[in-house]
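What follows is a short report on a single structure.
Protein chains: 2
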Amino acid sequence: MENGSELGQIIDGPTNPMVTPLLNDLYQFTMAYAYWKAGKHNERSVFDLYFRKNPFGGEYTVFAGLEECIKFLANFKLSDEEIDFVRDCLPGSEEAFGDYLRGLDCSDVEVYAIPEGSVVFPKVPLMRVEGPVGVVQLLETPFLNLVNFASLVATNAARHRFVAGKSKSLLEFGARRAQGPDGAISASKYCYLGAGKLFGIPLRGTHSHAYVSSFMSTDEIVDKVLRSADGKTTCEDFVSHVQTWLKKIQYSPSLSGIFSETNQSELAAFTSYALAFPKTFLALVDTYDVMKSGIPNFCAVALALNDFGYKALGIRLDSGDLAYLSREARNFFCTVERELKVPGFGKMVVTASNDLNEETIDALNKQGHEVDAFGIGTYLVTCYSQAALGCVFKLVEINNQPRIKLSEDVTKVSIPCKKRSYRLYGKEGYPLVDIMTGENEPPPKVGERLLCRHPFNESKRAYVVPQRVEELLKCYWRGSADEAREELPPLKEIRERCIKQLENMRPDHMRRLNPTPYKVSVSAKLYDFIHFLWLNEAPVGELQ
Amino acid sequence: MENGSELGQIIDGPTNPMVTPLLNDLYQFTMAYAYWKAGKHNERSVFDLYFRKNPFGGEYTVFAGLEECIKFLANFKLSDEEIDFVRDCLPGSEEAFGDYLRGLDCSDVEVYAIPEGSVVFPKVPLMRVEGPVGVVQLLETPFLNLVNFASLVATNAARHRFVAGKSKSLLEFGARRAQGPDGAISASKYCYLGAGKLFGIPLRGTHSHAYVSSFMSTDEIVDKVLRSADGKTTCEDFVSHVQTWLKKIQYSPSLSGIFSETNQSELAAFTSYALAFPKTFLALVDTYDVMKSGIPNFCAVALALNDFGYKALGIRLDSGDLAYLSREARNFFCTVERELKVPGFGKMVVTASNDLNEETIDALNKQGHEVDAFGIGTYLVTCYSQAALGCVFKLVEINNQPRIKLSEDVTKVSIPCKKRSYRLYGKEGYPLVDIMTGENEPPPKVGERLLCRHPFNESKRAYVVPQRVEELLKCYWRGSADEAREELPPLKEIRERCIKQLENMRPDHMRRLNPTPYKVSVSAKLYDFIHFLWLNEAPVGELQ
Chain A
12 MENGSELGQI IDGPTNPMVT PLLNDLYQFT MAYAYWKAGK HNERSVFDLY
62 FRKNPFGGEY TVFAGLEECI KFLANFKLSD EEIDFVRDCL PGSEEAFGDY
112 LRGLDCSDVE VYAIPEGSVV FPKVPLMRVE GPVGVVQLLE TPFLNLVNFA
162 SLVATNAARH RFVAGKSKSL LEFGARRAQG PDGAISASKY CYLGAGKLFG
212 IPLRGTHSHA YVSSFMSTDE IVDKVLRSAD GKTTCEDFVS HVQTWLKKIQ
262 YSPSLSGIFS ETNQSELAAF TSYALAFPKT FLALVDTYDV MKSGIPNFCA
312 VALALNDFGY KALGIRLDSG DLAYLSREAR NFFCTVEREL KVPGFGKMVV
362 TASNDLNEET IDALNKQGHE VDAFGIGTYL VTCYSQAALG CVFKLVEINN
412 QPRIKLSEDV TKVSIPCKKR SYRLYGKEGY PLVDIMTGEN EPPPKVGERL
462 LCRHPFNESK RAYVVPQRVE ELLKCYWRGS ADEAREELPP LKEIRERCIK
512 QLENMRPDHM RRLNPTPYKV SVSAKLYDFI HFLWLNEAPV GELQ
Chain B
12 MENGSELGQI IDGPTNPMVT PLLNDLYQFT MAYAYWKAGK HNERSVFDLY
62 FRKNPFGGEY TVFAGLEECI KFLANFKLSD EEIDFVRDCL PGSEEAFGDY
112 LRGLDCSDVE VYAIPEGSVV FPKVPLMRVE GPVGVVQLLE TPFLNLVNFA
162 SLVATNAARH RFVAGKSKSL LEFGARRAQG PDGAISASKY CYLGAGKLFG
212 IPLRGTHSHA YVSSFMSTDE IVDKVLRSAD GKTTCEDFVS HVQTWLKKIQ
262 YSPSLSGIFS ETNQSELAAF TSYALAFPKT FLALVDTYDV MKSGIPNFCA
312 VALALNDFGY KALGIRLDSG DLAYLSREAR NFFCTVEREL KVPGFGKMVV
362 TASNDLNEET IDALNKQGHE VDAFGIGTYL VTCYSQAALG CVFKLVEINN
412 QPRIKLSEDV TKVSIPCKKR SYRLYGKEGY PLVDIMTGEN EPPPKVGERL
462 LCRHPFNESK RAYVVPQRVE ELLKCYWRGS ADEAREELPP LKEIRERCIK
512 QLENMRPDHM RRLNPTPYKV SVSAKLYDFI HFLWLNEAPV GELQ
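Residue numbers (our numbering), protein chains in the order written: chain A, 12 to 555; chain B, 12 to 555.
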């Protein structure tokens with residue numbers, strides 16, 4: 012029962028143990044009490060979870076966080092301590108309310124959702140949650156919390172992947188700047204989902220400036236022995252071997268004169284690091300001076316490693332003019348390859364990592380660069396350019412009565428009714444439009460002409476003849492996960508869905524500059540009903 | 012031992028159980044391995060944790076997160092599973108490294124820090140962490156993670172408090188938009204720290220639009236009985252009583268004609284809510300139309316409650332022109348007070364909550380408004396206007412050798428040496444300047460003239476005669492918390508420190524527009540040493 016075992020299939024609790032029914036706004040419990048007091052708590056309600064605007068000035072969003080929501084549902088149960096806490100916050104609440112809370116679970120709740128990792132659009136419900144209003148009201152804040160940031164960071168990662176280009180690696184460096192511990196851990200997961208090839212390069216290859224400056228000179232290195240990669244030979248003094256190479260580089264015709272003395276503490280740090288990680292040597296080269304010290308020191312160590320059968324991975328640049336420095340570094344590597352006859356040395360991996368984001372990567376692309384991998388930290392995990400997605404959770408039906416939330420701001424009017432939604436595909440295989448219909452309307456049919464209407468603008472409408480129709484909301488929870496048709500796939504499959512869907516969008520929706528909005532519509536019948544309800548609920552003015 | 016009991020005083024683990032030594036970048040473990048391989052892991056190192064720039068375009072920052080860092084230290088221990096995981100990530104690492112990790116704890120670490128809740132400035136270390144380089148390196152990412160967001164959100168809350176004004180209440184509404192669960196919970200804590208009077212109004216009084224639209228009509232209300240506040244009388248039909256008041260308002264000379272029919276589902280929701288919470292009735296009035304429906308309905312319920320000895324709290328506005336609507340609502344309340352002779356009715360609390368932030372509150376102030384309490388969500392907890400603080404953790408000394416991290420960007424050069432720092436106060440009692448000195452320099456003395464130098468700009472320097480000298484770094488951990496002089500105070504005390512310090516700053520540092528930067532300096536001796544070291548480490552160029 013603790014972990015939903017009573018319900019058959021065992022679903023683990025949320026990844027973060029702090030995700031409990033008390034991860035909530037107090038007013039949800041206040042409302043639960045008011046529903047209960049009014050005897051309304053068991054009224055069947057339908058809520059839609061959706062967002063109103065794509066983030067980052069783009070025209071698409073990646074949906075993430077569903078699995079955590081289902082894990083939360085499956086284990087939804089208030090402990091006695093939690094119930095006492097809630098009742099303490101609601102002075103005067105009746106004791107029987109505690110009994111009601113004690114019996115609460117999600118065995119009468121149904122969740123339909125778009126699969127995690129899907130490309131999604133404003134106004135179309137990501138999740139449709141149905142059940143007794145008393146319990147569904149308590150799901151609002153946790154669900155929003157779990158979906159908002161997950162979807163935002165997955166979208167952010169997808170956008171960074173898009174601008175970096177498929178051939179480049181992306182590394183996520185953000186744990187230190189994330190918004191708290193969970194921000195760090197969940198960001199890593201959802202970045203992987205959205206960006207795909209993250210961690211393409213072994214992260215273990217890198218180190219920090221502190222590591223470099225913790226050394227004073229190569230005299231510090233006591234154990235200088237390096238066994239060759241094939242285990243057949245042993246270099247007794249790897250330090251001298253590195254120094255020999257440094258001299259060779261310095262006096263080689265095309266490289267002589269570029270630098271004089273390199274920094275000795277840096278050379279010691281690189282050498283020592285290579286002794287610890289001969290197979291995955293990747294050096295941070297900007298602690299003192301990239302071209303006058305970091306690159307020559309790196310090359311000396313890499314060439315020394317090469318003599319014993321090890322291939323260095325490459326360098327990391329963390330400051331300065333990354334476009335220029337990456338090109339200079341590449342030149343240096345190619346010159347070494349040519350002059351010192353070391354095949355492949357020019358292909359050394361160049362990683363860049365100084366507060367990178369979509370704009371700076373785009374600017375690097377325009378300047379021309381030789382970076383192979385981008386390390387993205389703050390801007391990726393904190394979603395610096397937009398810190399929140401703004402999902403909402405709105406009541407659309409109660410007791411089979413459709414409900415609407417009005418607002419002077421039309422973008423804030425909710426779309427009433429328990430609904431279905433479909434994605435309609437065109438001849439070229441691209442998605443053309445998403446359409447919402449009432450629950451009981453017949454689904455759109457392949458090859459049949461259909462009117463798609465903007466939900467609020469009467470002049471915007473279009474006929475579509477879909478070549479393929481995909482129903483978007485699938486059942487993930489029907490009292491338990493057993494009766495649901497959809498499995499919760501592993502992260503890898505979610506990521507594959509995401510990549511496939513991103514690739515299948517018409518390119519003009521995806522571009523960074525002035526992307527075309529993807530169309531979201533309602534059926535003619537739903538359109539008429541929305542506007543009937545609107546007129547019905549809005550108070551009539553009184554001209555004076 | 013699990014919770015530091017072996018060290019005497021028992022310190023609980025971090026609030027979030029996900030904060031373990033594995034909340035780390037893998038490269039910290041990579042470096043730990045390289046230090047260990049090189050036999051350097053026990054070298055005594057000193058790291059400074061500081062930030063380079065105040066957030067939100069301001070000139071001050073509130074330091075928070077220290078308590079969580081100490082809780083983390085006190086319980087720092089790698090489990091066997093964690094050690095296996097680390098070793099799996101470092102293929103080829105020697106087995107003895109696992110034994111080293113198994114024995115690691117913070118019994119040889121010292122932490123000096125500025126007290127939590129202090130007003131702090133760029134470059135001055137918030138924490139000075141000293142210990143064996145192998146273990147201190149593993150503290151970098153968790154410490155940065157715990158301090159970065161905590162300080163950012165505490166600063167954000169302080170700024171919101173500043174613009175809202177002391178007399179207003181601030182409510183934190185952000186759980187649903189926070190960056191994950193921990194973002195929500197720690198944001199609440201640190202907002203309280205920075206903003207003070209948060210939660211000044213009982214949050215239990217409020218509800219959502221869904222609650223309002225979940226009702227269809229007053230016919231739904233079954234239990235209409237309300238017992239009076241003093242328990243002496245009972246109203247058998249509170250619903251009719253409300254309707255009677257609604258008519259009275261409608262036909263009162265100054266109010267007639269402002270509205271005609273109010274929305275019946277809203278009236279039902281308000282009435283039902285008042286029956287559940289007669290003592291703390293606060294209504295969300297914008298579901299249909301604020302002036303034509305929400306306010307008259309609220310007043311009818313509030314007046315009905317008043318007859319039975321209950322005082323309604325007020326209203327919440329969540330959309331529209333908040334300045335205008337709050338003034339109109341106030342007028343309505345005052346008219347009700349006057350016309351219907353209900354003393355105090357005009358003082359009803361007006362809460363506003365639609366995506367508020369510093370700018371919108373400032374704009375409201377300029378337009379003139381009647382809002383008593385601001386509910387701030389997304390912008391407060393996600394730190395929307397700046398999503399990260401950018402704290403860094405830099406090696407400043409190892410084996411008693413001062414270390415410097417150079418950069419072409421002067422703002423990124425680190426200030427070397429194990430240091431002390433002092434805040435110097437002027438005649439008017441305001442802090443004048445913070446000064447860093449070498450560990451062994453004599454401290455500044457009250458009444459004695461002292462040269463304060465900008466660390467990197469030789470022309471910026473000033474003599475100061477301090478009227479008061481405050482040493483900033485206090486000892487919070489010396490192998491254990493027992494030997495430390497400073498206690499970890501409760502949140503309430505931290506908040507009081509914060510409020511006191513904010514109030515004691517010279518106003519021009521604190522203003523929103525063009526605030527004056529607070530001065531941060533180094534002693535003449537430290538200045539000379541920084542520049543000696545800089546010349547020493549920087550490679551000499553080669554003109555061609």
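Heads up, the beta-carbon is just placed ideally off N, CA and C, and yes, glycines get one too. Being a predicted model, the structure only gives us computed values, none of them experimental.
>> I'd like to know if Ser219(B) contacts chain C, where contact means its C-beta is closer than 8 Å to some C-beta of that chain.
In response: Absence of chain C from the displayed structure is noted, the protein chains being A and B.
> Buried or exposed: which applies to Arg496(A), given that a residue is buried once 16 or more other Cβ atoms fall within 10 Å of its Cβ?
Replying inline: exposed
> Given that Leu406(A) touches chain B, what residues does it touch there, using C-beta distances under 8 Å?
Replying inline: His220, Ala221, Ser224, Ser225
> Cα-Cα, which of Val312(A), Pro550(A), Pro126(A), Lys322(A) is closest to Val158(A)?
Replying inline: Pro126(A)
>> With a threshold of 8 Å between beta carbons, is Glu548(A) in contact with chain B?
In response: yes
> Using 8 Å as the limit for Cβ to Cβ distance, is Gly458(B) near chain A?
Replying inline: no
>> Tell me which residues share the same chain as Lys471(A) and place their Cβ nearer than 8 Å to its Cβ, disregarding the 5 neighbours each side in the sequence.
In response: Arg464, His465
>> What does the alpha-carbon distance come out to for the pair Val131(A) and Thr31(A)?
In response: 27 Å
> Could you give the uninterrupted runs of the alpha helix (DSSP H) lying entirely in the region 15 to 73 of chain B, keeping only those of 4 residues or more?
Replying inline: 37 to 48
>> Between the alpha carbons of Asn411(A) and Ser56(A), how many angstroms are there, rounded?
In response: 8 Å
> Between Phe270(B) and Ser304(B), which are expected to be in contact by the criterion C-beta below 8 Å, what is the C-beta distance as a whole number of angstroms?
Replying inline: 7 Å
> Relative to the alpha-carbon of His23(A), which residue among Glu504(A), Leu499(A), Lys536(A) has its alpha-carbon at the smallest distance?
Replying inline: Here residue 23(A) turns out to be Asp, not His, going by the sequence shown. If we check each option's Cα against that of Asp23(A), Leu499(A) comes out closest.
> Between the C-alpha atoms of Ser432(B) and Trp488(B), what's the straight-line distance to the nearest angstrom?
Replying inline: 18 Å
> Considering only C-alpha positions, which residue in the set Gly68(B), Tyr44(B), Arg517(B) is nearest to Glu105(B)?
Replying inline: Tyr44(B)
> Who are Pro413(A)'s beta bridge partners in DSSP?
Replying inline: Glu408(A)
>> Suppose you measure from the CA of Leu502(A) to the CA of Ala175(A); what does that come to, to the nearest Å?
In response: 22 Å
> Going along the region 329 to 358 of chain B in order, which residues come within less than 8 Å of chain A, judged by CB to CB distance?
Replying inline: Ser330, Gly331
> Interface residues of chain B around Pro28(A) at Cβ under 7 Å?
Replying inline: Pro28
>> Please return the same chain residues whose Cβ sits closer than 8 Å to the Cβ of Ser418(B), not counting the five positions on each side in sequence.
In response: Val424
> Distance, Cα to Cα, Lys179(B) vs His380(B)?
Replying inline: 12 Å
>> Measuring straight from C-alpha to C-alpha, what distance separates Cys576(B) and Met516(B)?
In response: Lying outside 12 to 555, the shown extent of chain B, residue 576(B) is not represented and no answer is given.
>> For Val223(A) and Thr229(A), what's the separation of their Cα atoms in angstroms?
In response: 12 Å
> With Leu328(A) and Val361(A) assumed to form a contact (beta carbons below 8 Å), what rounded beta-carbon distance in angstroms separates them?
Replying inline: 7 Å
> Distance, Cα to Cα, Arg341(A) vs Asn308(A)?
Replying inline: 15 Å
>> The alpha helix (DSSP H) that contains Ala161(A), what's its start and end?
In response: 151 to 175
>> Give me the residue from Gly142(A), Ile94(A), Gln148(A), Trp47(A) with the minimum Cα distance to Asp36(A).
In response: Gln148(A)
> Using a Cβ-Cβ cut-off of 6 Å (strictly less than) and excluding sequence neighbours within five positions of Tyr46(A), which residues of its own chain qualify?
Replying inline: His52, Val144, Gly145
>> To be precise: take each residue of the region 260 to 276 of chain A, compare its Cβ to all Cβ atoms of chain B, and keep it if any distance is under 9 Å. Which residues remain?
In response: Gly268, Ile269, Phe270, Ser271, Glu272, Thr273, Asn274, Ser276
> In chain order, what residues of the region 300 to 323 of chain B put their CB closer than 8 Å to some CB of chain A?
Replying inline: Asp300, Lys303, Ser304
> Whose C-alpha, out of Val382(A), Glu369(A), Cys310(A), is nearest the C-alpha of Tyr335(A)?
Replying inline: Val382(A)
> By DSSP, does Lys208(B) sit in helix, in strand, or in coil?
Replying inline: Unreliable positioning characterises Lys208(B) in this predicted model, as indicated by a pLDDT of 43, which lies under 50. The coordinate reading is nonetheless provided below. Lys208(B): coil per DSSP, three-state reduction.
> In whole angstroms, what separates the C-alpha of Gly114(B) from that of Lys88(B)?
Replying inline: 8 Å
>> With a threshold of 8 Å between beta-carbons, can Val144(A) be considered close to chain B, or not?
In response: yes
>> So Val347(A) and Ile260(A) are supposed to be a Cβ contact under 8 Å. How far apart are they, rounded?
In response: 7 Å
>> Beta-carbon within less than 6 Å of Pro442(A)'s beta-carbon, same chain only, minus the 5 sequence neighbours each way: which residues are those?
In response: Arg434, Tyr436
>> Rounding to the nearest angstrom, what Cα-Cα distance links Phe226(A) and Asp519(A) in this structure?
In response: 52 Å
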